[in-house]
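Engineer: If you scroll down you'll find the structure; I have some questions about it.
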Amino acid sequence: MNLPKMNEAKKRTKNEVKILYDDYNSLNISNLGKDKKYLILTYGCQMNEHDSEYISGIMEDIGYEKTMDMDLADVIIVNTCAIRENAHNKAEGMLGRIKHLKETKEDVIVIFCGCMAQEEGLVNKIKEYKWLDIICGTHNYHKIPEYLYEYMNKGKVCEVYSIEGNVIENLPVNRDSKYTAWVNIQYGCDKFCTYCIVPYTRGKQRSRKSEDIIDEVRELYNNGYSEVTLLGQNVNAYGKDFLNNYDFADLLSEVASTGIPRIRFVTSHPWDFTDKMIEVISKCDNIMPYIHLPIQSGSDRILKLMGRKYTIKEYLEIVKKLRAKIPNVSITTDIIVGFPGETEEDFEKTLDIVNKVKYDLAYTFIFSPREGTPAAKMEDKVSMAEKKERLAKLNELINKYALLANEKTLGKTYDVLILGESDKKGKYMGYTPNMKLVNIKCDKELVGKIVPVKITDVKTWSLDGEIANEK
Ligand code: SAM
Ligand code: SF4
Numbered sequence: 197m198n199l200p201k202m203n204e205a206k207k208r209t210k211n212e213v214k215i216l217y218d219d220y221n222s223l224n225i226s227n228l229g230k231d232k233k234y235l236i237l238t239y240g241c242q243m244n245e246h247d248s249e250y251i252s253g254i255m256e257d258i259g260y261e262k263t264m265d266m267d268l269a270d271v272i273i274v275n276t277c278a279i280r281e282n283a284h285n286k287a288e289g290m291l292g293r294i295k296h297l298k299e300t301k302e303d304v305i306v307i308f309c310g311c312m313a314q315e316e317g318l319v320n321k322i323k324e325y326k327w328l329d330i331i332c333g334t335h336n337y338h339k340i341p342e343y344l345y346e347y348m349n350k351g352k353v354c355e356v357y358s359i360e361g362n363v364i365e366n367l368p369v370n371r372d373s374k375y376t377a378w379v380n381i382q383y384g385c386d387k388f389c390t391y392c393i394v395p396y397t398r399g400k401q402r403s404r405k406s407e408d409i410i411d412e413v414r415e416l417y418n419n420g421y422s423e424v425t426l427l428g429q430n431v432n433a434y435g436k437d438f439l440n441n442y443d444f445a446d447l448l449s450e451v452a453s454t455g456i457p458r459i460r461f462v463t464s465h466p467w468d469f470t471d472k473m474i475e476v477i478s479k480c481d482n483i484m485p486y487i488h489l490p491i492q493s494g495s496d497r498i499l500k501l502m503g504r505k506y507t508i509k510e511y512l513e514i515v516k517k518l519r520a521k522i523p524n525v526s527i528t529t530d531i532i533v534g535f536p537g538e539t540e541e542d543f544e545k546t547l548d549i550v551n552k553v554k555y556d557l558a559y560t561f562i563f564s565p566r567e568g569t570p571a572a573k574m575e576d577k578v579s580m581a582e583k584k585e586r587l588a589k590l591n592e593l594i595n596k597y598a599l600l601a602n603e604k605t606l607g608k609t610y611d612v613l614i615l616g617e618s619d620k621k622g623k624y625m626g627y628t629p630n631m632k633l634v635n636i637k638c639d640k641e642l643v644g645k646i647v648p649v650k651i652t653d654v655k656t657w658s659l660d661g662e663i664a665n666e667k
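Residue 197 is where the sequence shown starts when you use our numbering, and the numbers rise one by one after that.
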């Protein structure tokens, strides 16, 4: 049994990152899941969604078949998120349901993985749960075939590593979409923002080799994909762990030269945003004019307490350059309210910045103390009621600008990559280059294609459109 240790997880050394091309399934396990089914429940960010695509690929590689029905599953995998308390609560609620299921269906195998499995306090508690069969972390989910085999032969497995981590290549993957794909370009994070658990749960920043990324993008393009989203906690810190000067702008430029029609990337950190990047984005038509640039707070004082390493002045400078160089760029952000010590005046500064930048959209959160992070120990005098009030006020302003940004699209025509059925009955959905969701009445045959769409109506969160003949 290997248990997570927060003290180990925060260590950073200069040790070289290993890129492992053949660490998957060294025991050549196959057919373990013949005639059996698996179900994956995924919580949290895009990184977790993409990890689940790999876990799904691994399960199918050893013979399991996917099901969405918990009652039919022989293996249930819970891929968890630790970023905020509510993500925790959702996963814990689901565990309650699974525990109940195990009372009547004893032989179902339950795997608990993801960021929550990297948390010391939590794992010390759940390792005692008799009905939880396999616990593994973010560094070793590619070992699930071995863990299943071990469980079937010896019983319960708990293997979590609080290490800086390696880069594991050549895993089977079962992607959710046939048209748009996530591509990891780096793992982990070295920023250690004081509120954030990610550097502890995902290890140090490790960039993948550019050759491996480009090969993956080329293969996706050859297989009919029209869009890739380069994925990492700090995509624009890509390459900072290399010994040469190859950086994110160089990578973007190379990815663009593959010719794949659409390239996106999340998440950028203002600290690592360079003029060179802006230059590359402005020159390459296939890099989409959409930048997610988390600000977190409008107050320099709070940004300092958060350890964000930029000032509002510097942030606004980036926004100015982006808007000057990339016409029609959409900018979205993340904001935390109620960080320990946030005064009414600090919060007003956050509202000010929203009024200045006029974001296309923002993801807003109430600060959630995460055990083991510095901010969790900071004095927090603001009541939850006050925090909720601030959040509501902020959201109202965000919604106002989201609608205003959408209104500007009315009557215009955009290329939309149609991805599939919309949850609006009888319609299909897709995204504009600016990442605006459009619902369209169109032929099913257009799914997977990039087509011109005229915007006929706008709402705060989405647009309605119709197929246009030309722009
Ligand atoms: N690496 C990205 C960055 O630095 O912007 C995103 C990381 S995180 C998955 C997504 C967002 O969750 C963050 O931008 C932040 O706004 C929010 N977040 C992280 N930790 C939080 C916490 N303890 N409480 C509330 N929100 C948090
Ligand atoms: Fe968390 Fe900050 Fe790293 Fe983003 S940059 S993952 S918020 S520590």
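Think of the CB as a built atom: it goes at the ideal place given N, C-alpha and C, for glycine as much as any other residue. Note that the structure is a prediction, hence the values are computed from the model and not measured.
Does DSSP put residue 635 in a helix, a strand or coil?
Structural biologist: Residue 635: strand per DSSP, three-state reduction.
Engineer: In the region 205 to 272, which residue ranges form an unbroken alpha helix (DSSP H) of at least 4 residues, counting only runs that do not cross its ends?
Structural biologist: 242 to 257, all fully within the region 205 to 272.
Engineer: Spatial neighbours of residue 433 within its chain, please: CB distance less than 7 Å, with the 5 preceding and 5 following residues excluded, ordered by chain position.
Structural biologist: Closer than 7 Å at the Cβ level, and outside the excluded window around residue 433, lie 401, 465 and 468.
Engineer: Between which two residues does the alpha helix (DSSP H) harbouring residue 543 extend?
Structural biologist: Its alpha helix (DSSP H) spans residues 540 to 553.
Engineer: With distances taken Cα to Cα, identify the nearest neighbour of residue 223 among 346, 245 and 595.
Structural biologist: Nearest option by C-alpha distance: 346.
Engineer: Starting from residue 571, trace the alpha helix (DSSP H) in both directions and tell me its first and last residue.
Structural biologist: Unbroken run through residue 571: none, as it is neither H nor E.
Engineer: Quick one: what does DSSP say residue 611 is sitting in, helix, strand or coil?
Structural biologist: In this structure, residue 611 counts as strand in the three-state DSSP scheme.
Engineer: Kindly provide the ranges of any beta strand (DSSP E) runs that are 3 or more residues long and lie completely inside the region 374 to 451, ordered along the chain.
Structural biologist: Counting only runs of 3 or more, we get 376 to 380 and 423 to 427.
Engineer: Could you check whether residue 385 and residue 430 sit closer than 8 Å to each other, using their CB atoms as the reference points?
Structural biologist: It is a contact, given that the beta carbons lie within the stated cut-off.
Engineer: Going by alpha carbons, who is nearest to residue 348 out of 441, 307, 312 and 318?
Structural biologist: The option with the nearest alpha carbon to residue 348 is 307.
Engineer: Helix, strand or coil: which one does DSSP assign to residue 311?
Structural biologist: Helix, per DSSP.
Engineer: What span of residues does the beta strand (DSSP E) with residue 649 cover, start to end?
Structural biologist: It spans 646 to 654 - the beta strand (DSSP E) in which residue 649 sits, taken as one unbroken run.
Engineer: Quick check on the DSSP output: the beta strand (DSSP E) that includes residue 557 runs from which residue to which?
Structural biologist: Looking at the DSSP string, the run of the beta strand (DSSP E) that includes residue 557 is 557 to 562.
Engineer: Exposed or buried, residue 200, counting other C-beta atoms within 10 Å across all chains shown (16 or more means buried)?
Structural biologist: Buried is the call here.
Engineer: Just to check, is the beta-carbon of residue 395 closer than 7 Å to a non-hydrogen atom of ligand 2?
Structural biologist: Because some heavy atom of ligand 2 lies under 7 Å away, the Cβ of residue 395 counts as near it: yes.
Engineer: Under the rule that 16 or more other beta-carbon atoms within 10 Å means buried, what is residue 217, buried or exposed?
Structural biologist: Looking at its Cβ environment, which holds fewer than 16 other Cβ atoms inside 10 Å, residue 217 is exposed.
Engineer: Three or more C-beta pairs under 8 Å: does that hold for the region 525 to 532 against the region 543 to 561?
Structural biologist: A contact exists between the region 525 to 532 and the region 543 to 561.
Engineer: Measure the Cβ-Cβ separation of residue 632 and residue 602 and say whether it is below 8 Å.
Structural biologist: Taking 8 Å as the Cβ cut-off, residue 632 and residue 602 qualify as a contacting pair.
Engineer: Could you say which of 534, 485 and 255 lies nearest to residue 518 if we only look at CA atoms?
Structural biologist: Selected option, being the one with the closest Cα: 485.
Engineer: Can you tell me where the alpha helix (DSSP H) holding residue 471 begins and where it ends?
Structural biologist: Run containing residue 471: 471 to 479, per the alpha helix (DSSP H) assignment.
Engineer: Would you kindly check if the distance between the Cβ of residue 228 and the Cβ of residue 259 is under 8 Å?
Structural biologist: Taking 8 Å as the Cβ cut-off, residue 259 and residue 228 qualify as a contacting pair.
Engineer: Assuming residue 360 is part of the alpha helix (DSSP H), what are its boundary residues?
Structural biologist: Counting along the chain, residue 360 falls outside any alpha helix (DSSP H), and DSSP gives it neither H nor E.
Engineer: At a cut-off of 7 Å, is residue 488 close to ligand 2 when judged by its beta-carbon and the heavy atoms of the ligand?
Structural biologist: No; taking the cut-off as 7 Å, the Cβ of residue 488 has no heavy atom of ligand 2 nearer than that.
Engineer: From the DSSP output, read off the bridge partner residues of residue 625.
Structural biologist: Paired residues: 616 and 635.
Engineer: Helix, strand or coil, according to DSSP, for residue 458 in the structure here?
Structural biologist: Three-state DSSP puts residue 458 in a strand.
Engineer: Looking at the strands, I want to know which residues DSSP matches up with residue 530.
Structural biologist: For residue 530, which the question treats as bridged, DSSP gives the partners 559.
Engineer: Closest to residue 438 by CA distance: which of 387, 382 and 233 is it?
Structural biologist: Measuring from the Cα of residue 438, the nearest candidate turns out to be 382.
Engineer: Under a Cβ-count criterion, where at least 16 other Cβ atoms within 10 Å of its own Cβ denotes burial, should residue 376 be classed as buried or exposed?
Structural biologist: Result: buried.
Engineer: Indicate whether the contact test is met: 3 or more Cβ pairs, each with one atom in the region 265 to 272 and one in the region 227 to 241, closer than 8 Å.
Structural biologist: With the cut-off at 8 Å, the region 265 to 272 and the region 227 to 241 touch.
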